[in-house]
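Novice: Numbering (our numbering), first residue to last: 2 to 116.
Glycine residues also receive a C-beta, built at the ideal position from the N, C-alpha and C atoms.
Only a predicted model underlies this, so the values are computations on that prediction, with no experimental measurement involved.
Just dropping this structure here.
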């Protein structure tokens, strides 16, 4: 490999140079913690009646959004991109989240009608 190619490759890697192994492991532990909380809610709190299902669903959605943020920001390197690209991804995702919330609310209405 020529010195120019090595120099170009070195500068190309600097764009995401702040992603160290320590940060990657930090994000991993955050994602693991959120997933553990979701499992505790799903496998213990809801079945034992500690948290009603209607309260657990919004908690699942919020926790999943936190996980999605970390995955998109760090593993898809969106945290290191320009603002325009971030808005191009975030705005449609916000509309999809709104749609999910509306449909979740509507599904509870239909479940209540059947009971």
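#1: Any chance you could list the alpha helix (DSSP H) runs of at least 4 consecutive residues sitting entirely within the stretch 18-106, in chain order?
#2: Classify residue 75 as buried or exposed, calling it buried when 16 or more other Cβ atoms lie within 10 Å of its own Cβ.
#3: From residue 60 to residue 21, what does the alpha carbon distance come to, in whole angstroms?
#4: For residue 63 and residue 24, what's the separation of their Cα atoms in angstroms?
Specialist: With the structure as the only source:
#1: 22-41 and 54-71
#2: Looking up residue 75 in the chain shown gives position 74. Buried.
#3: Taking the chain shown and counting its residues from 1, the one referred to as residue 60 is at position 59. Taking the chain shown and counting its residues from 1, the one referred to as residue 21 is at position 20. Cα-Cα distance, rounded: 31 Å.
#4: The sequence position of residue 63 within the chain shown is 62, counting from 1. The sequence position of residue 24 within the chain shown is 23, counting from 1. About 23 Å.
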